[in-house]
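Everything on this sheet refers to the single structure shown next.
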Amino acid sequence: MRDKILDRQELKRRLGELQAAGKKIVFTNGCFDILHVGHVRYLEEARRLGDVLVVAVNSDVSVREIKGDKRPLVPEGERAELVSALECVNFVTIFSESTPLALIKLLRPDTLVKGGDWREENVVGRDEVLSSGGRVRLIPMTEGASTTNIIEKILAVYRPEDAGKPG
């Protein structure tokens, strides 16, 4: 699985070979802080849109920019490894920028995928992918499945004042 995790230059080289062979590249990105069923369903659906699925995982620094100082809960290397373990994922890379725009421009995927909580006109990289003949697809979210919901459930059950008390 770790052999699926590539730096951007090696990923560019590998995707170039695959595209030259006629394969369609699908790209998506996200934090994937606590991997859950919503992530799995989303990535499986994204994979069905092409031949090769590339997942760009936000670095710890970029997750903190997006989600705040208390996130991520899981370090970037572990998040990348978990995502790479999914059968539907072909390649994973980690990016530190606040958006994946530079990576999208470098990799030039055929299909750019985001969750249904996005509006297509707001998807980063949309214009670049469309202008090169690609497409943008939005995949509906799995109701109630989110890292934030999992964290809220844990906090609702765990109360610091109860720590150490018999249970």
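Residue 414 is where the sequence shown starts when you use the numbering used here, and the numbers rise one by one after that. Every residue gets a Cβ at the ideal spot worked out from N, C-alpha and C, and that includes glycine.
Margin query: Considering just the uninterrupted stretch of the beta strand (DSSP E) at residue 548, what are its terminal residues?
Written below: 548-552
Check: Which stretch, first to last residue, makes up the beta strand (DSSP E) that contains residue 438?
Finding: 438-443
Notebook entry, point to check: Should residue 431 and residue 506 be called a contact, given that it needs their Cβ atoms to be closer than 8 angstroms?
Noted result: no
Item checked: For residue 520: DSSP bridge partner residues -> None, per the DSSP bridge assignment.
Checklist line | DSSP three-state assignment for residue 483, whether helix, strand or coil | finding: coil
Notebook entry, point to check: Nearest to residue 435 by alpha carbon, out of 554, 479, 518 and 523?
Noted result: 523
Check: If you count every other CB in all the chains shown that lies within 10 Å of the CB of residue 580, and 16 or more means buried, which is it?
Finding: Unreliable placement is indicated for residue 580, whose pLDDT of 48 sits below 50; no coordinate value is reported for it.
Checklist line | Inter-residue Cα distance where the pair is residue 520 and residue 539 | finding: 13 angstroms
Note to self: Please state the DSSP three-state secondary structure of residue 474.
What the structure shows: helix
Check: Under the three-state reduction of DSSP, which class applies to residue 512: helix, strand or coil?
Finding: coil
Notebook entry, point to check: Does the separation of the CB atoms of residue 549 and residue 525 fall below 8 angstroms?
Noted result: yes
Check: Measuring CA to CA, which of 517, 559 and 534 is closest to residue 545?
Finding: 517
Item checked: Where the alpha helix (DSSP H) through residue 560 begins and ends -> 560-570
Next item on the list: Return yes when the Cβ of residue 418 is within less than 8 angstroms of the Cβ of residue 493, no when it is not.
Entry: yes
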